[in-house]
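One rule links them: number in my numbering = place in the sequence shown (from 1) + 23. For each residue, glycine too, the CB sits at the ideal point set by N, CA and C. All figures in this text were calculated on a predicted structure; none of them were measured in a lab. For reference, the structure discussed in these notes is given below.
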Amino acid sequence: MSFLLLLQSPTPTAVAPHVPENMPALLTLIYVGGFALIILLLLVSLFRNRRRLRATAVAVPEDLPTEVKKRLGSTSTNRGLRGLRWLFVMLALGLLGFHLYWAHYAHEKNEKFQELSYKDLRNRRLSESTLRGWMLDRSGKLDRALAFYRRDSSGNITRQYPMDKAMAHIFGSDRGDPGLERALFGVQSGALPEALQVVKGETLQNKGNTDVVLTIDRDLQQAAVDQLKGKHGAVVVLNPQTGELL
């Protein structure tokens, strides 16, 4: 089902650019690159080892004992492959230890981590001004909002969707399905992956935080959902004079 939008006329408010810490992104790129290199070396070593084993099988006489054949097959390639395996295991253990440290000990003993944590809390407070805009139905009334924010008793702000299941195809999903959330309020990212943008010092801009008024009628949408319960189909209601989808 397709829907037309009637966007609110006010000019979008300026959104402060978000400049994340570049060290985690740099470490991520280094680790991913090293991991890919190790995988490549393992594949090359396996391929070369198979070729060497085939050549050895042809050159070794058939009447030699099995133990001698195994020793002849233990070439420098095999030893190098074992070394790469141990290197891979050490890197994996090192990564596990790194995560355990930052997850369980850094918040108590590492002053730099504590400083970044306090900075992150300040950024979260500042980022409240860059929250996505509300989505209202065609009435424009706040009590009939289709997407809005709510603050709980702990001070956490969460995005609320009163008709989440009924309008998931309109708003999109957390899995990355396209929808109004991405089209109207998504992060504007360049051609480079986000990690590379962070390392290069580029900022990630949000599209804006202006409220929008849709042509969707909340009551009509709910009525259509109620009529289609347990059935397959689609309901399209539009204004023939303007072409607005309701």
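Whose C-alpha, out of the options, is nearest the C-alpha of residue i?
i, options, result
"V260", "I239, G117 and K252", "I239"
"L66", "G256, R105 and S162", "R105"
"L64", "S176, G266, S177 and R108", "R108"
"D160", "G256, L114, R71 and Q244", "Q244"
"R111", "F58, K254 and K188", "The sequence shown places Phe at residue 111, rather than the Arg named in the question. Considering only alpha carbons, the answer is F58."
Helix, strand or coil for residue i, going by three-state DSSP, please let me know.
i, result
"A168", "strand"
"M158", "strand"
"L65", "helix"
"Q244", "helix"
"L237", "strand"
"G266", "coil"
"L7", "Residue 7 lies beyond the range of the chain shown here (24 to 269); nothing can be said about it."
Please tell me whether residue i and residue j are closer than 9 Å, where the distance is taken between their beta carbons.
i, j, result
"N232", "R155", "yes"
"L169", "M186", "yes"
"A247", "V258", "yes"
"F171", "M158", "yes"
"N262", "L269", "yes"
"L118", "Y184", "no"
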